[in-house]
Structure formats: structure tokens, C-alpha cells
Amino acid sequence: MAKSGVSAADRNGVTEPSWWIGRKAEAMKKFQASPMPKRNEEDWRFATIGAIELGNFQPGQKGSTTAEDLLKRSTASFPHAAKAVFANDRLLYLEGSEKLAQQGVVFESLSVALEKHPALLEKYFMAHPVDLGAQKFAALHAAHASAGVLIHVPKNVELELPLVAFHWLDGAESAVFPHTLIVAGENSKVTMVDFLGSTDARGAGLACGVNDLLVGVGAKVNYVGLQQWGSAVTSFQLNSTRVEKDGEARSLFVNLGAAYARQESRSTLVGGGARSEMLGLSVGNNRQEFDQRTLQCHDVPNTWSDLLYKNALDDRSKSIFKGLIRVAPGAAKTDAYQNNRNLLLNPEAEADSMPGLEILNDDVRCTHGATTGQIDQDQLFYLMARGIEPRTGAQLLAHGFFEEVIARLPDKKIGEAVRVAVADKFASMR
0 MAKSGVSAAD
10 RNGVTEPSWW
20 IGRKAEAMKK
30 FQASPMPKRN
40 EEDWRFATIG
50 AIELGNFQPG
60 QKGSTTAEDL
70 LKRSTASFPH
80 AAKAVFANDR
90 LLYLEGSEKL
100 AQQGVVFESL
110 SVALEKHPAL
120 LEKYFMAHPV
130 DLGAQKFAAL
140 HAAHASAGVL
150 IHVPKNVELE
160 LPLVAFHWLD
170 GAESAVFPHT
180 LIVAGENSKV
190 TMVDFLGSTD
200 ARGAGLACGV
210 NDLLVGVGAK
220 VNYVGLQQWG
230 SAVTSFQLNS
240 TRVEKDGEAR
250 SLFVNLGAAY
260 ARQESRSTLV
270 GGGARSEMLG
280 LSVGNNRQEF
290 DQRTLQCHDV
300 PNTWSDLLYK
310 NALDDRSKSI
320 FKGLIRVAPG
330 AAKTDAYQNN
340 RNLLLNPEAE
350 ADSMPGLEIL
360 NDDVRCTHGA
370 TTGQIDQDQL
380 FYLMARGIEP
390 RTGAQLLAHG
400 FFEEVIARLP
410 DKKIGEAVRV
420 AVADKFASMR
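Sequence positions in the sequence shown follow numbering that gives the first Met the number 0 and run 0 to 429.
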């Protein structure tokens, strides 16, 4: 990727403040100075480094799909309070922000937020550490980020309907850098859904996204990322959550597309009574590779976290899971769980799991585990006896395998949207 492609002026015509330009310049220097990862590094163990294709992808490319067509595609199946649509990091459409503003809620594109709410961005934009291996790509994101939304929900405001954003990658030489920043004030409530997709289901490209969730005292934040990039896309998604006293965070990332998809998720609990639920769901086929690295940080006493990642893998697809629960010395009464479960739909599929614990306090309850198995042949025979073709039967069983994850979403209509997306992925594999 060349250094050019992003000017001092925002792509949507907004002048960028000097601190923003300076941060981008420093981030680009960091990206260029950082070496590409190596497979013998622990943070990249089992990863197919050769699958990471940066190529000559450029941000801000003009796509071939009309805005009208993209807006037709950008339809959520569930009620929502506001929506933003981006194509190749250009804002096409934003609705609902004015109505939300009457409640004191900020729902703005990054470009508008730089003008209207610069203090929020200066304080919170990529303020969380990225330390699970993809620091080079975090710097790349910081150097190019211009598309995405800033969400700020003030104290005691509860949003009953979710907010949504669509990010489209349009064109074989395009790179996109979607960004979601949620700042939830004390005792507030918000749900956000990101749809990440390509106009060409088989298209190439580069996607390098970040979402940061800052959950205030007693706040509740639910986040869903639905990744459906084209089958030749290289994807990085860096997720972080910071939860204060009595706050609750729940995040689900659904991986369906991309050739190589690296997902890093870090949850940090910094106040007593803080809770974090980290969910993952992936469906792989052909030679797709899903590379998942997670960290659950318990920094203070009386906190709770639960991680459940499930992968269903067909053909010669592959998943990698490396997770760590880290309990600080003073974090007594920690309650933490970590589970990675993998379902192999083909004997040539591969799942590598590395769950781990780092506990520096003996008054805790922590468990971790990983399982990998194939389809239950008795269950498959039962379906086949009723006239269901073996491949279809295996996919039906995989749907049931995922239900434990999807059922944890409090918004049942969002859960149904996830089920439909999973069903569409399976349908494309037949």
C-alpha cells in the first residue's frame, strides 16, 4: 500500500484539525517502520502469513456501484433509530442523528464529528491499547481512518432501538478503514450493529477496521459486527472494550467473508461489578482462514467475563483461536470463563485452539477450554433417513451448533438477522 491516497482534507470535504493530521502522520510512520509479522512469533502462531495480502489497495477509490444501488442494499431487517452508509470510506447517507440529538445523543460520521465534537475524538479515538499482535495494522488504520461513526450517549439516556452502519468495499483495488467509537455515559444504554460487506461477493480488497466501546458506570452496551466481505478480501478487525463500575458490555462478531480475517478482541474491566460478554461466530469454506486472538483483563476485584467463540469449518478452511484470561494481583473475586468450540464439516478443515490463563490472585473462579469435533453421525443419519441430503443435513446441525451464541443477543430481531446471514452463507456453499 502506497503512502499516498489520503490528503490533509477529509474525503467528505471537511477540514481536519492539526492534531488529527499529526496523529495520522505519526501512525503512518509507525506502520512503515513496523515489520510484517512472522509465523514464529507467538502472537502469529499457526497463522498463514502468506495469506496477508496488502498489495496495491488504495483508500478512497471510486467504486463501480451507484449510490442508489448501495442504498437499496443497505437495509436492516429490524427497526432502528439511526443509520449511516459508507462506500469506500465515503459517507453516502446518514439518517436519525437530528432526532437523537434532541436526547443529547451524538450519532455522527467521523468527518462531521471532527468539526462538531473534536474533544471527544481527541480524547477517545484509539485510546485503547492494541497489543495482541496486529499493532502494525492498527497503525495503518489510524493513518487512514476517516469513515465510521462516533456515538456518545449521555448519562441516564437509554436508546431502545439499535443504531446501524453499513460499510461497503466497492472495487478490486479498494481499501476501507471502518471505525466505530461508542462512548456510553453513566447508566446509559445503546445497541450498535455494523454491517461490513463487498459489492462483489468474490472480490478482492483490504479491510482494516476498529471498534472501541467505552462503557461508563452502570451503562449497558451491545455491539454486533456482521462481516461479509468478498471471498478474496484481506481483513483485520481490532475490537476493544473498557467497562467501568457496574457496567455491562456484550459484543458479537460474526465472520462469514474474506479470504483471511484476523480478529483481535480485548476486554478490560476497570470497576467493581463490571461485566463483559465476548461472543464469536464463524462459518468457513474453501480455504478461508479466521484468525482470532482475545484478551480478558480483570484489573479490579468483583468482575465477570464470559467468552464463547464457535467456528464451523468446511472444505479446507481453518480457524485459529488464541485467548487469554488475565487476572491482576488485586482482582479478587474474579469470575471468568473462556470457551472455544469448533465443528469440522470436512476432515480436511483445521481448527487450532490455544486457550490460556494468567492468574495473579488465588481468590478467583476461572475456567477455560476448547473442543473440536465432527458432525454427530447419528444425528446426521436421522436427518438423512428423512430425505435430507448429507451436506444440507450437516449445515442444519451447524445452525443448531450456533444457536447457543445467537440466543445470547437480547434483541431477538437482530438475532434473526444473524441467523439469516448464516443461512445465506451456508446456501452459497452448496
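For each residue, glycine too, the CB sits at the ideal point set by N, CA and C.
- Around the C-beta of Phe-380, fewer than 16 other C-beta atoms lie within 10 Å, and the residue is accordingly described as exposed.
- Between Ser-230 and Arg-201, the C-beta gap is smaller than 7 Å, which places the two residues in contact.
- Nearest to Lys-188 by C-alpha distance, out of Pro-161, Ala-203, Gly-256, is Pro-161.
- Excluding residues up to 5 positions away in sequence, Ala-80, Ala-81, Phe-106 lie with their Cβ nearer than 7 Å to the Cβ of Leu-99 in the same chain.
- Measuring C-alpha to C-alpha distances from Phe-77 to each of Phe-176, Gly-256, Asp-169, Glu-159 identifies Glu-159 as the nearest.
- Following the DSSP letters along the chain, one finds Gln-378 inside the alpha helix (DSSP H) bounded by residues 376–383.
- Taking a contact to require three or more Cβ pairs closer than 8 Å, the stretch 63–75 and the stretch 351–363 do not qualify as touching.
- Your pair Ser-304 and Arg-265 does not check out as a contact, with CB atoms roughly 11 Å apart and the cut at 8 Å.
- Each residue's CA atom was taken as its position, placing Lys-29 and Cys-207 some 16 Å apart.
- In the three-state DSSP reduction, Leu-53 falls in the coil class, being neither helix nor strand.
- One alpha carbon belongs to Thr-333, the other to Phe-289, and they sit about 29 Å apart.
- By the Cβ criterion, the stretch 317–333 is not in contact with the stretch 405–421, since fewer than three pairs of Cβ atoms, one from each stretch, lie closer than 8 Å.
- About 6 Å separates the beta carbons of Leu-255 and Val-282, which is inside the 8 Å limit, making them a contact pair.
- DSSP assignment within the stretch 79–153 yields the following whole beta strand (DSSP E) runs of 3 residues or more, N-terminal first: 81–86, 89–94, 105–108, 146–152.
- Boundaries of the beta strand (DSSP E) harbouring Pro-177: 177–183, taken from the DSSP string.
- Buried is the label assigned to Trp-19, since at least 16 other Cβ atoms lie within 10 Å of its Cβ.
- Assignment of Glu-41 by DSSP, reduced to helix, strand and coil, places it in the helix class.
- Leaving aside the five residues that flank Val-84 on each side, the residues in its chain whose CB is nearer than 8 Å to its CB run, in chain order, Leu-69, Leu-70, Ser-73, Leu-90, Leu-91, Tyr-92, Leu-93, Ala-164, Phe-165, Trp-167.
- Distance from the CA atom of Phe-401 to the CA atom of Glu-263, rounded to whole angstroms, is 20 Å.
- In the structure shown, Met-35 falls within a coil segment according to DSSP collapsed to helix, strand and coil.
- An exposed status is given to Glu-172, since fewer than 16 other beta-carbon atoms sit within 10 Å of its beta-carbon.
- The distance from the Cβ of Val-242 to that of Ser-197 is about 33 Å, inconsistent with a contact at the 8 Å cut-off.
- Note that the stretch 141–150 does not touch the stretch 35–43; fewer than 3 beta-carbon pairs, one per stretch, sit closer than 8 Å.
- In its chain, beyond the 5 residues on either side, no residue has a beta carbon closer than 6 Å to the beta carbon of Arg-390.
- Judged by their CB atoms, Gly-272 and Asp-298 are not nearer to each other than the 7 Å cut-off.
- Restricted to the stretch 271–303, the beta strand (DSSP E) segments that are unbroken, complete and at least 3 residues in length are 274–283, 288–297, listed in chain order.
- Here Thr-391 carries a helix assignment [DSSP, helix/strand/coil].
- Taking one beta carbon from each stretch, the stretch 43–56 and the stretch 121–129 have fewer than 3 pairs nearer than 8 Å; the two do not touch.
- Ala-138 is positioned such that its CB atom lies no closer than 7 Å to that of Phe-56.
- By the 16-neighbour rule on beta-carbons within 10 angstroms, Asp-361 is exposed.
- The alpha carbon of His-151 has as its nearest neighbour, out of Val-220, Asp-193, Ala-350, the alpha carbon of Val-220.
- Following the DSSP letters along the chain, one finds Glu-415 inside the alpha helix (DSSP H) bounded by residues 411–427.
- Beta-bridge annotation (DSSP): Leu-212 is paired with Ile-181, Thr-240.
- Taking the C-beta atoms as reference points, Val-216 is found no nearer than 7 Å to Glu-247.
- One Cα belongs to Asn-310, the other to Arg-407, and the distance between them is close to 16 Å.
- Here DSSP, grouped into helix, strand and coil, assigns Lys-61 to coil.
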